[in-house]
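In the UniProt record's numbering, the protein residues as written are 1 to 211.
For every residue, glycine included, the Cβ atom is placed at its ideal position computed from N, Cα and C.
Here's the structure, in structure tokens; my notes come after.
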């Protein structure tokens, strides 16, 4: 019986996140362009370009998603979060024209996850971001699943390298489903086989008898 030292935990859905998911942990490290709206005393060492002991109000800097979410408060106005360029109007126009031509992994390996997390920050562009992320997924999904079903024994590296992490997971699931279906068609899915534990036990017993 095959064993795994780690059982994959799926990421959260939408704006939710799962702290037990490796994908969500990596997503939380994605950098966001931010601007401080208040001074941060004695934290100047965190800003490499600064030469003072404090982080001054209005300082532009990048913060990981987890820190930006922790500091952001629309009432207290501690930090303001700017949109990464791939979610701005110019790129939204590109996605609206043909999202299949975009190398999502190059633009950001967690395009859908980060786009959903951006909705935590109050922005007048949030409805447009949500719509673009949704339509991008819908329009790319069919091509991804078609490719996973029709290129089972072919080199798909050129296609897969342009997919974001969630799309890669869907692609692997599609190929795994096709593999299981083909095994079922051949009558192999119902065959019982000895587990690796039993096979190893038999090998040891044979070795003992031959000794």
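CA-to-CA distance, residue j to residue i, given in whole angstroms
i           : j           : result
residue 20  : residue 85  : 29 Å
residue 157 : residue 35  : 39 Å
residue 88  : residue 17  : 23 Å
residue 143 : residue 41  : 51 Å
residue 161 : residue 140 : 14 Å
residue 65  : residue 91  : 21 Å
residue 169 : residue 182 : 20 Å
residue 61  : residue 147 : 40 Å
residue 72  : residue 171 : 35 Å
residue 106 : residue 74  : 31 Å
residue 56  : residue 46  : 12 Å
residue 165 : residue 177 : 18 Å
residue 173 : residue 15  : 23 Å
residue 38  : residue 49  : 18 Å
residue 187 : residue 179 : 12 Å
Reduced DSSP secondary structure (H/G/I, E/B, other) of residue i
i           : result
residue 78  : coil
residue 109 : coil
residue 161 : coil
residue 156 : coil
residue 128 : helix
residue 134 : helix
residue 94  : helix
residue 1   : Annotation note: pLDDT 42 at residue 1 (below 50); position unreliable, coordinate value reported separately. Correct three-state label for residue 1: coil.
residue 176 : helix
residue 86  : helix
residue 188 : coil
residue 121 : coil
residue 10  : coil
residue 102 : coil
Cβ-Cβ distance between residue i and residue j below 9 Å
i           : j           : result
residue 44  : residue 58  : no
residue 117 : residue 27  : yes
residue 119 : residue 68  : no
residue 175 : residue 149 : yes
residue 94  : residue 102 : yes
residue 115 : residue 130 : yes
residue 104 : residue 163 : yes
residue 30  : residue 108 : yes
residue 78  : residue 63  : no
residue 133 : residue 110 : no
residue 11  : residue 24  : yes
Unbroken beta strand (DSSP E) run spanning residue i, endpoints
i          : result
residue 60 : 60 to 64
CB contact below 9 Å: residue i versus chain C
i           : result
residue 144 : Included in the structure is just one protein chain, with no chain C present.
Start-end ranges of the beta strand (DSSP E) lying completely within the segment 16 to 73, minimum 3 residues: Whole beta strand (DSSP E) segments, 3+ residues: 31 to 36 and 60 to 64.
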